[in-house]
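In my numbering, the protein residues as written are 62 to 314.
For glycine and all other residues, C-beta sits at the position ideal for the given N, C-alpha and C.
Given the structure is predicted, the values throughout are model-derived calculations rather than measurements.
So this is what it looks like as structure tokens:
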């Protein structure tokens with residue numbers, strides 16, 4: 062996803078690898094503000110294009126809130142969540158694409174859960190209702206836009222940390238089985254999150270662990286070994302070379 066993060070996404074990943082979750086939250090916050098202020102060339106923050114690049118900045122606010130929750134800084138998580146909710150509401154008023162409104166409402170529900178801002182069910186219910194009004198011919202193409210991928214990213218990152226670094230939430234898990242029924246296909250995202258996101262978040266807080274995002278990977282390498290857990294499985298993400306399993310910095314053997 063090519064957006065202007067000012068190098069702060071890479072810095073956030075480095076802080077995650079160091080398990081410095083308060084600092085990781087700060088860096089994700091900076092990444093969010095960088096994207097939201099100037100997403101990329103020829104993209105206006107307040108004009109949600111068909112691709113929805115601005116959604117990546119919102120996703121970084123969600124990840125910042127996760128970091129703060131894991132670090133025990135609930136007030137800071139609440140502040141990021143409150144800001145994120147305001148931004149999603151603002152952007153809802155800036156797009157006439159019903160499918161994007163549904164996704165923004167979906168992210169609003171995520172903020173409710175992650176930042177502990179009260180009951181998420183009404184917000185998720187509103188997202189489902191909006192998706193029921195969607196009449197797009199190809200919902201699959203929408204789910205691969207930056208907005209929709211950004212909306213899925215925090216959940217996927219949370220989940221992989223609890224599944225030994227593997228892909229724990231697949232595209233198939235998140236969506237319905239029949240794209241010829243766009244409403245049900247998209248609404249499945251919301252139902253899946255409502256069912257699984259709280260448990261993944263609770264476990265991350267309990268474990269004091271938020272894994273780095275998954276990038277390019279290699280298994281059973283001869284060149285790398287994790288000094289923390291001994292794994293030779295590698296995750297190249299951002300500018301970092303990390304252990305696929307525990308997200309620690311990995312060194313060449």
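* Are the segment 246-255 and the segment 111-123 in contact at 8 Å, needing three or more beta carbon pairs? -> Touching, no.
* Residue range of the beta strand (DSSP E) that includes residue 295 -> Element bounds for residue 295: 295-298.
* To do: Taking residue 316 and residue 109 to be in contact with their CB atoms under 8 Å, please state how far apart those CB atoms are, rounded to whole angstroms.
  => The structure shown does not extend to residue 316, since the chain is modelled only from 62 through 314, so no value can be given for it.
* To do: Indicate the three-state DSSP secondary structure (helix, strand or coil) for residue 304 in the structure shown.
  => Here residue 304 sits in strand by DSSP.
* Asked: Which partner residues of residue 101 appear in the DSSP bridge assignment?
  -> Residue 101 pairs with 104.
* To do: Take residue 200 and list the residues in its own chain whose beta-carbon comes closer than 7 Å to its own, dropping the five residues that flank it on each side.
  => Correct list, in chain order: 240, 243, 246, 247.
* What are the boundary residues of the alpha helix (DSSP H) that includes residue 220? -> Taken as a continuous stretch (DSSP letters only), the alpha helix (DSSP H) holding residue 220 covers 207-221.
* Host beta strand (DSSP E) of residue 63 (start-end) -> Counting along the chain, no beta strand (DSSP E) covers residue 63, and no H or E run does either.
* Asked: Straight-line CA distance for residue 174 to residue 85?
  -> Note on geometry: alpha-carbon atoms of residue 174 and residue 85 lie some 19 Å from one another.
* Limits of the alpha helix (DSSP H) - the one that residue 269 falls within -> Taken as a continuous stretch (DSSP letters only), residue 269 belongs to no alpha helix (DSSP H), as it is neither H nor E.
* To do: Closer than 7 Å by C-beta to residue 69: which residues in its own chain qualify, once you throw out the five before and the five after it? Chain order, please.
  => Taken in chain order, the residues that qualify are 88, 91, 92, 95.
* To do: Could you say which of 168, 301, 228 lies nearest to residue 189 if we only look at CA atoms?
  => Its Cα nearest to that of residue 189, the residue 168 stands out among 168, 301, 228.
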